[in-house]
Amino acid sequence: MKSDEKTNEDVTVLDQENNAELSSEEQIEVLKLEVEKYNEQFMRVVADFDNFRKRIDRDREQQSLRIKGQVISKFLDIIDIIDKAQESEYPDLESSLNGISGIQKLVSSFMESLKIEKFVPKGELFDFRFHEALTTVDDKEVDPNTVVDVIQSGYKLEGEVLRPAKVVVSKNSEEKEIKEESE
Numbered sequence: 140m141k142s143d144e145k146t147n148e149d150v151t152v153l154d155q156e157n158n159a160e161l162s163s164e165e166q167i168e169v170l171k172l173e174v175e176k177y178n179e180q181f182m183r184v185v186a187d188f189d190n191f192r193k194r195i196d197r198d199r200e201q202q203s204l205r206i207k208g209q210v211i212s213k214f215l216d217i218i219d220i221i222d223k224a225q226e227s228e229y230p231d232l233e234s235s236l237n238g239i240s241g242i243q244k245l246v247s248s249f250m251e252s253l254k255i256e257k258f259v260p261k262g263e264l265f266d267f268r269f270h271e272a273l274t275t276v277d278d279k280e281v282d283p284n285t286v287v288d289v290i291q292s293g294y295k296l297e298g299e300v301l302r303p304a305k306v307v308v309s310k311n312s313e314e315k316e317i318k319e320e321s322e
């Protein structure tokens, strides 16, 4: 360590001696060259960063397009079956229901392939992160804040809520009576 310190001190002393030997005009020229060198390095770094940013943007666009293509290609089978169902003449109600059931199964498998999970929270405690309460009802047979009916199912994508379930929630009618009596 001490030898390194001496070397650094020696270099500093030599630089000072060299600078003293250079005239002020020469020192200015040396400093201008240094500034030019650093400016060129800075400009290269800026250009590299700009190219990097453009490449990232291009990659994101390509990935987005690829994902859209994957989703759409899976959806095309469903569209084809719906088109065939519209063109077909079903002789009876049972055949129509079978056609609709087939479409529903295809849509479900499509959703599974995209890792989209349907949830129907009937009987669960209300949770604002997953449920949207449309109304409340008095129901003494269930605990307060329990989902008693599901108006529209909810959906999650890999655990993240895509759409909350629209639900009807029970309320405690006894609490309401107590509040009214206290007033």
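In the working numbering, the protein residues as written are 140 to 322. By construction, the Cβ of each residue, glycine as well, lies at the ideal position given by its N, Cα and C atoms. Treat the numbers as computed from the prediction; the structure is a model and nothing was measured.
Taking C-alpha positions only, P303 is separated from I255 by approximately 13 Å. Pairing P260 with F269 gives a Cβ-Cβ distance under 8 Å.
The Cβ atoms of D278 and S309 sit closer than 8 Å to each other. Per DSSP, S235 is not a residue of any beta strand (DSSP E); the alpha helix (DSSP H) it occupies stretches across L232 to S252. Around Y294, the same chain offers I255, K257, L301 and R302 as residues with beta carbons nearer than 6 Å, after the five sequence neighbours per side are excluded. In the DSSP assignment, E175 falls within the alpha helix (DSSP H) that extends over S163 to E226. Under the three-state reduction of DSSP, G293 is assigned to strand. Sequence-distant Cβ neighbours of V289 in its own chain, meaning closer than 7 Å and more than five residues away, are V259, P260, K261, A304 and V306.
Taking C-beta separations shorter than 6 Å and ignoring five residues to either side along the sequence, the partners of T275 in its chain run V308 and K310, following chain order. Contact annotation: V286 and E263 have beta-carbon atoms nearer than 8 Å.
DSSP links F258 through a beta bridge to G293. For V276, the uninterrupted beta strand (DSSP E) run begins and ends at H270 to D277, by DSSP. Counting only the Cα atoms, D198 lies some 26 Å from L215.
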